[in-house]
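**Student:**
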Amino acid sequence: MTAGDGGALIHCRTKYCDFPGAIFQCPQDMSLAELYGFRRLILQTTGEIEELRHSGRIRRAVIAGKRHLAAGLTGYLKDIMGDGGLYTDEGGRPVYGFFAFVWKREELPEHLAEGFPSMESFQELIRRWVLPRWENRYWEQPKRGCYDEKILLAPFPGLEEGEGKAGRANTSGSRLKIYPAGQEWLLLRQALSAAAEENRTVSGCTCFPGEMAGLRSAFMNISCAGPKEPVWKQREKSGKYAYMLRMTWDRQPVPAGRLEKQLRRILRKNAGAAGIKILCRVTEIRTAGGVTRVWMETDRKLDQRFCRQFLAALAAAFELETCRCRMAERKNACLCRRRTGK
225 MTAGDGGALI HCRTKYCDFP GAIFQCPQDM SLAELYGFRR LILQTTGEIE
275 ELRHSGRIRR AVIAGKRHLA AGLTGYLKDI MGDGGLYTDE GGRPVYGFFA
325 FVWKREELPE HLAEGFPSME SFQELIRRWV LPRWENRYWE QPKRGCYDEK
375 ILLAPFPGLE EGEGKAGRAN TSGSRLKIYP AGQEWLLLRQ ALSAAAEENR
425 TVSGCTCFPG EMAGLRSAFM NISCAGPKEP VWKQREKSGK YAYMLRMTWD
475 RQPVPAGRLE KQLRRILRKN AGAAGIKILC RVTEIRTAGG VTRVWMETDR
525 KLDQRFCRQF LAALAAAFEL ETCRCRMAER KNACLCRRRT GK
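Residues in the sequence shown are numbered from 225 upward in steps of one, following the numbering used here.
1) Tell me whether the beta-carbon of L265 lies closer than 8 Å to the beta-carbon of A442.
2) Look at the Cβ atom of I273, then the Cβ atom of Q249, and state whether they are nearer than 8 Å.
3) My guess is that P244 and G231 are in contact by the Cβ rule of under 8 Å, so how many angstroms apart are they, rounded?
4) With which residues is K607 paired in a DSSP beta bridge?
5) G299 and I282: beta carbons closer than 8 Å?
6) Using DSSP with H/G/I as helix, E/B as strand and the rest coil, what is T238?
7) Would you say the beta carbon of Y467 comes nearer than 7 Å to a heavy atom of the ligand MG?
8) To which residues does DSSP link A232 through a beta bridge?
9) Which residue comes first and which comes last in the alpha helix (DSSP H) that contains H278?
10) Determine the direct distance from the alpha carbon of L483 to that of A495, and round the result to whole angstroms.
11) In this structure, how does DSSP classify G271 when only helix, strand and coil are distinguished?
12) Would you say D313 and R237 are within 8 Å of each other, going by their C-beta atoms?
13) For T269, which residues of its own chain have a beta-carbon under 8 Å away from its beta-carbon, when the five flanking residues on both sides are left out?
14) Ordered along the chain, which non-local residues of its own chain (more than five positions away) have a Cβ less than 7 Å from that of G271?
15) Take A541 and list the residues in its own chain whose beta-carbon comes closer than 7 Å to its own, dropping the five residues that flank it on each side.
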């Protein structure tokens, strides 16, 4: 069963080049704002990636925004390709990435909800876009492709025709639907059905690290070990306070993915040292002209002392000798400022 022509949406590294700050490959008509929203979910599919390295499993994801729908997978290249290749970086570490097909919402294939892109289709996607650049030592500009990928849909294993349509995927960001580990294909079918047949904005990811990781993520649906049947969870409201972090660099800015991971790690560490728990959600990262701005939301107000400690730890983590960090509560006065170097 074919799914017509789609575009390629890829985020990965190669042998010599680390993950880029932007998407590796994307359709030419996706806006920067839309790409950031997709990229935020893509990065969350790579959480606790070591689990996949040891188990050989692959995460599959559906991401449906207002203008595009993507169906893809996250995993190590050696497990996806299955040809005995090592696919390691220059340090000998196995390489992983996110590889997806994307369609325009107004041009979705008729039978898209009846299957998921086959492994052979993903392998061909990697052969076309990743392997020709595998030995490059410098990043090229992100490629803007056309909708010319030939996609073969594989029927959902273990699901009869029409099975799973009685239920529905969650389409609310304030809640999380958790599927049992054995119902990954049911999650994907219901998410694709919500997007393709009901025209809903929806997201879902299989083989997620766990329930708590799912609640912290922006995904609406996940599957993980634990529950015996699908359960719904209400998310804690973490958007009560909004902050902006501004960093002015005098060297190459840190890629957005690495910056977000470090920011979360440092915030958790400082909160633990202060004996408090903080729920944080990074909503946007922009870098232009040597200035990086990070917008984030927390469930509690951050006082001036905590912010000073947090910014000091962030500056030390990235060795910001001549970088100014400014953190302000949105719509309010400057909360605190840290300047290092000159």
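Ideal Cβ positions, reconstructed from N, Cα and C, are used throughout, including at glycine.
As the structure is a computational prediction, the values presented were derived from the model and not from experiment.
**Tutor:** The structure says:
1) yes
2) no
3) In fact, because the Cβ distance is near 18 Å, the residues do not count as touching under 8 Å.
4) Outside the displayed range of the chain (225 to 566) lies residue 607, so it cannot be described from this structure.
5) yes
6) coil
7) This structure simply doesn't include the ligand MG, nor any ligand for that matter.
8) F325
9) E274 to S279
10) 18 Å
11) coil
12) yes
13) R283, A285, T298, F322 and C429
14) Around G271: P433 and A437.
15) So the list reads Q486 and I490, once near-sequence residues are dropped.
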